[in-house]
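**Student:**
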Amino acid sequence: MRGVVKGVIATGMFLSLLVTVGWAKGPNYLRLSSQAAIPTLDPGLSEASISIQVIEQLFLGLTDYDPKTFEVAPELAESWTSNEDSTVYTFKLRQDVKWTDGKPVTAHDIVYALRRNVDPKTVSPYASTLHFIKNAADILENKMAPDQLAVKALDDYTVEFTLNTPAGFFPAVAGLWSYRPVRQDIIEKYGDRWTEPANIVTNGSYRLTEWKKGDRIVLKANPDYFSEVGIPEVHYYIIPEMATALAMFENDELDLLNNDHTPVPDPDLERLRNDSQLSKELSFQKSLCNYYIAFNNQKPPVDNHLVRKAIVAAIDRKAIAERILKNGWQPATTHTPPPIFGNVADEGIGIKYDPAQAKKWLAEAGYPDGKGFPEITYMYNTHDQHSKIAQAMQALLRRNLGINIRLANQEWKVFIQTRKSPDAPHMTRYAWCADYMDAHNFLFDVLHPTKSENEIKWNNQEFADLIEKAVISSDPVERKKLYREAEIILNEKETAVGMLFYYADPTLVKSRVTQWAKMPLGGNQLRNWRLAP
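Reading the sequence shown from the start, the letters are residues -10 to 522 in our numbering.
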């Protein structure tokens, strides 16, 4: 009790201080938070979620995502075309976009930014996203000069990319922060100080007007932006403690809490759900991560697809999510989470919870009622949440199939090495979060038999052929069809992985914020949000 009282007093003093310094000024600006100091606003050096959130407001990408459909949409580029095999992309830029010093944004700014980011001297943390461009890998390994990157300005408003392999999904990649234009003259003039408010030039819907590092950032709507900006100002505050941020939200001093900013504390979710007002402001937004069992497809007895099917069908994912996790996670039966392009999460594909069918599959595999089934191991990295899921799975498999699984947990660094070893356990906890919003990132990048790390040690040529065809195609309809067929093979015919959950992001938003939409990748489009009068 003493600790609780102390925390309340400290929080109250903190909130009083915020009012004193003018933090809460009423409803004329959006009040957001960050759990950690914002490390950089340089698109080429950014990897922290909060940096990416702010960069979305300051710098335009060639493309972005439609907030309703989550499909790739024009932004700085007004259109694009590709050659027949999707190895050359040409983007036509808008001609009404200006930097905040009045100069036009040109294709040359994009070429400079990409050459800078691919240069090993820059140490860009997301340089790997440039690997699709011809010569990028050699440049990053100091085998070629940065000016050999296969991107060029055909004229002031046309930029061309030549890729090292076909990539029908490339327009989605081209919107990443690592592809966003920056100004060569400004960076060369100011060096590491180029992002300070007095020096920075940007081209997005907002301008940077204040940055007190470790304290707050203030953005104001860009009067030269080519479209309407709904909220005149945005304030970001550094609030390390989740409890403090939640108290401020409840005290009407913050407008939003979620994993992009300061997370909603898990222990408070049940209270929030039961609160008459806060429950109206709470939602569980989609997050582009999946959670699944990575079977070692070469290790008996899980090398038998019937055993894998039986195990997956015996796990009640809905009960685990609702009774144990209680955090908004959704049961999953396919690999690519919604709303990523190419997902088939709502099409009834995959193995559902069905204990009777699970027993039939196990008997067909030669283990009726679990008789003769050897002990197998499920490994997970040390974490309370993973432990709860593992224990629930262990109990369900014992009850529904009569089999025993041994649970093993390891610290993260050891865990990563163990799951990559030739003698990896029968089953391993695995998760994947999107780098870009296309099923290629989940199916090809993770599970291709020879062109990914393929930690599940699964080799299915039909699956490989389908996702390779999707790489080449620039037809969205054809690519969706190919991804669907690949998901059926992965999750139904072979059940090479055991899908468990799609992540969710518990989100609190004040009712005065309207027309808001969480963008699960690349940063929220605050320009489209509004504040009620």
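In this text, a Cβ means the ideal position worked out from N, Cα and C, and glycines have one as well.
1) Within the continuous beta strand (DSSP E) that includes R418, where are the two ends?
2) Quick one: is S500 near chain D, going by C-beta distance under 9 Å?
3) When you compare only the Cα positions, how much space is there between I477 and N389?
4) Identify the continuous alpha helix (DSSP H) that holds Y472 and give its terminal residues.
5) Using C-beta distances below 6 Å, list every residue in its chain close to L143, excluding the 5 sequence neighbours before and after it, in chain order.
6) Would DSSP call T79 helix, strand or coil?
7) Under 9 Å, do K307 and L258 count as touching if we go by C-beta distance?
8) Tell me where the beta strand (DSSP E) around A500 begins and ends.
9) Let me know the secondary structure DSSP gives A134 once reduced to three states.
10) Return the residue from the list L261, A299 and P289 that minimises the CA-CA distance to G317.
11) In this structure, does DSSP put I122 in helix, strand or coil?
12) With DSSP run on the structure shown, which of helix, strand or coil describes K377?
13) Which whole-angstrom value describes the C-beta separation of P326 and C278, a residue pair presumed to lie in contact below a C-beta threshold of 8 Å?
14) How many angstroms separate the CA atom of V537 from the CA atom of A163?
15) Report the CB separation of A302 from I338 in whole angstroms; it is logged as a contact under 8 Å.
16) Distance, Cα to Cα, I329 vs E60?
17) For N513 and Q380, what's the separation of their Cα atoms in angstroms?
18) Evaluate contact between the stretch 129 to 146 and the stretch 100 to 115, counting only Cβ atoms and requiring at least three cross-stretch pairs below 8 Å.
19) Tell me, to the nearest whole angstrom, how far the beta carbon of N398 is from that of S376; I am working on the premise that it is less than 8 Å.
20) Measure the C-alpha to C-alpha separation of V(-6) and A232 and round it to an integer number of angstroms.
21) How big is the Cα-Cα spacing for Y195 and A210?
22) Measuring alpha carbon to alpha carbon, tell me which residue in W166, G91 and F80 is nearest D424.
23) What number of angstroms, rounded off, separates the C-alpha of L271 from the C-alpha of L497?
24) Just to confirm the assignment: which complete beta strand (DSSP E) runs, minimum length 3, are found wholly within the stretch 341 to 402?
25) Below 6 Å CB to CB, which residues in the same chain sit around E64 once its five sequence neighbours on both sides are set aside?
26) Which residue comes first and which comes last in the beta strand (DSSP E) that contains Y179?
27) Apply the 10 Å Cβ neighbour rule to D335 and answer buried if 16 or more other Cβ atoms are within range, or exposed otherwise.
28) Write down the C-beta distance between P495 and F273 rounded to the nearest angstrom, noting that I regard them as a contact closer than 8 Å.
29) Could you give the distance in angstroms between the alpha-carbon of S71 and the alpha-carbon of Y101?
30) Hey, how far is the Cα of D305 from the Cα of L208?
31) Drop a sphere of 10 angstroms on the beta-carbon of E45, count the other beta-carbons inside from all chains shown, and report buried for 16 or more, exposed for fewer.
32) Given a cut-off of 9 Å on the beta-carbon distance, is the pair A25 and I41 in contact?
33) Assuming contact is defined by CB atoms lying nearer than 9 Å, are G33 and R105 in contact in what I supplied?
34) How close, in whole Å, do the beta carbons of T417 and A283 come, if the pair is a contact with beta carbons under 8 Å?
35) For E217, which three-state DSSP category applies?
36) Using the Cβ count rule (16 or more neighbours within 10 Å means buried), how would you classify S113?
**Tutor:** On the basis of the supplied data:
1) M416 to C422
2) No chain D appears in this structure, which consists of one protein chain only.
3) 25 Å
4) P465 to I477
5) Correct list, in chain order: E149.
6) DSSP places T79 in the strand class (E or B) of the three-state scheme.
7) no
8) This sequence places Ser at residue 500; Ala is not what is there. Neither: S500 is in no beta strand (DSSP E) and is coded neither H nor E.
9) coil
10) L261
11) strand
12) In the three-state reduction of the DSSP assignment, K377 falls in the helix class, which pools H, G and I.
13) 7 Å
14) Coverage of the chain is limited to positions -10 through 522, which leaves residue 537 absent and any answer about it impossible.
15) With 8 Å as the limit, A302 and I338 do not qualify as a contact, their Cβ atoms being about 14 Å apart.
16) 8 Å
17) Here the alpha carbon of N513 sits roughly 36 Å from the alpha carbon of Q380.
18) yes
19) 7 Å
20) In this prediction, V(-6) has a pLDDT of 31, which is less than 50 and means its spatial position is unreliable; what the coordinates show is noted afterwards. Taking the straight line joining both Cα atoms gives about 13 Å.
21) Answer to the nearest angstrom: the Cα atoms are 4 Å apart.
22) W166
23) Their Cα atoms are separated by approximately 5 Å.
24) Fully enclosed beta strand (DSSP E) runs of 3 or longer: 365 to 370 and 394 to 399.
25) L49, G50, T52 and D53
26) Where Y179 is concerned, there is no enclosing beta strand (DSSP E), although the alpha helix (DSSP H) it sits in stretches over Q173 to Y179.
27) By the 10 Å Cβ count, D335 comes out exposed.
28) 6 Å
29) 22 Å
30) 46 Å
31) buried
32) no
33) yes
34) 5 Å
35) coil
36) buried
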